[in-house]
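Residue numbers (my numbering): 135 to 349. Where is the CB? At the ideal position from N, CA and C, for every residue including glycine. Fair warning: this is a prediction, and the values are worked out from it, not measured in the lab.
The following block contains the structure:
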């Protein structure tokens with residue numbers, strides 16, 4: 135046996151004497167107040183939702199934000215044993231370009247050789263482009279594999295080794311390779327290029343965007 139609630143009668147009960155005011159229709163102003171409160175709640179929900187999707191709120195690096203500083207062993211052919219990216223980009227107000235790649239990455243094998251050729255030509259010619267600090271980040275490769283890959287691709291700049299992707303995925307939130315990050319001299323990210331999209335011409339154009347006018 136259940137304790138079901140008895141069905142309500144379809145006929146409205148007659149108001150008791152003296153209680154006629156309890157059965158008046160709600161005034162319009164109360165309806166409007168209720169609607170206003172509902173609109174405010176919806177707007178607040180939308181505001182907090184939009185804040186949650188802001189890239190800067192997740193901690194992921196983004197264009198206009200600060201570059202994550204890091205230090206790692208250098209497996210490149212030049213530079214000190216430890217390579218660092220300080221909070222001001224290339225250091226001392228110098229712009230920087232970070233190239234993320236790995237020997238396991240087939241797209242990297244296609245994109246990297248023409249870019250390294252551009253860097254070699256810029257270094258040979260000198261000038262403003264040669265002063266931009268180019269740094270590689272080799273992810274998911276052991277030291278010997280990384281060095282062999284760098285040699286094969288004729289890399290002539292420092293390369294930070296990142297065998298566990300602590301830099302690539304942990305600091306930059308990147309998934310896979312290649313990625314390229316163009317960093318202004320003040321340490322803010324000017325541009326992030328995802329995938330093998332760079333050509334020698336576009337790479338040079340993105341580098342020039344890092345150079346302050348008049349220099």
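Kindly indicate which three-state DSSP category residue i falls into: helix, strand or coil?
i: residue 328; result: strand
i: residue 212; result: coil
i: residue 338; result: helix
i: residue 221; result: coil
i: residue 240; result: helix
i: residue 333; result: coil
i: residue 262; result: coil
i: residue 344; result: coil
i: residue 205; result: strand
i: residue 230; result: strand
i: residue 251; result: helix
Between the Cα of residue i and those of the options, spot the shortest distance and give me the residue it belongs to.
i: residue 252; options: 345, 346, 341 and 347; result: 341
i: residue 330; options: 343, 201, 247 and 346; result: 247
i: residue 216; options: 222, 224, 206 and 336; result: 206
i: residue 285; options: 343, 338 and 210; result: 210
i: residue 275; options: 291, 298, 292 and 287; result: 298
i: residue 345; options: 277, 262 and 219; result: 262
i: residue 335; options: 220, 316, 295 and 249; result: 249
Around the C-beta of residue i, are 16 or more other C-beta atoms found within 10 angstroms, so that it is buried, or is it exposed?
i: residue 230; result: buried
i: residue 319; result: buried
i: residue 260; result: exposed
i: residue 402; result: An answer regarding residue 402 cannot be provided, because it is not within the stretch 135 to 349 covered by the chain.
i: residue 281; result: buried
i: residue 321; result: buried
i: residue 289; result: buried
i: residue 198; result: exposed
i: residue 273; result: buried
Practice task
Please determine if the stretch 321–328 and the stretch 264–274 are in contact, where contact requires at least 3 C-beta pairs separated by less than 8 Å.
Solution key: Contact fails: fewer than three Cβ-Cβ distances are below 8 Å.
Problem - Contact between the stretch 230–237 and the stretch 299–312 (3+ Cβ pairs under 8 Å) - result: Yes, the stretch 230–237 is in contact with the stretch 299–312.
Exercise for the section: Identify every run of the beta strand (DSSP E) within the stretch 273–304, keeping only runs that are complete inside it and at least 3 residues long; order them along the chain. Expected result: 293–296
Problem - Contact between the stretch 294–307 and the stretch 253–263 (3+ Cβ pairs under 8 Å) - result: By the Cβ rule, the stretch 294–307 does not count as touching the stretch 253–263, because fewer than three pairs are nearer than 8 Å.
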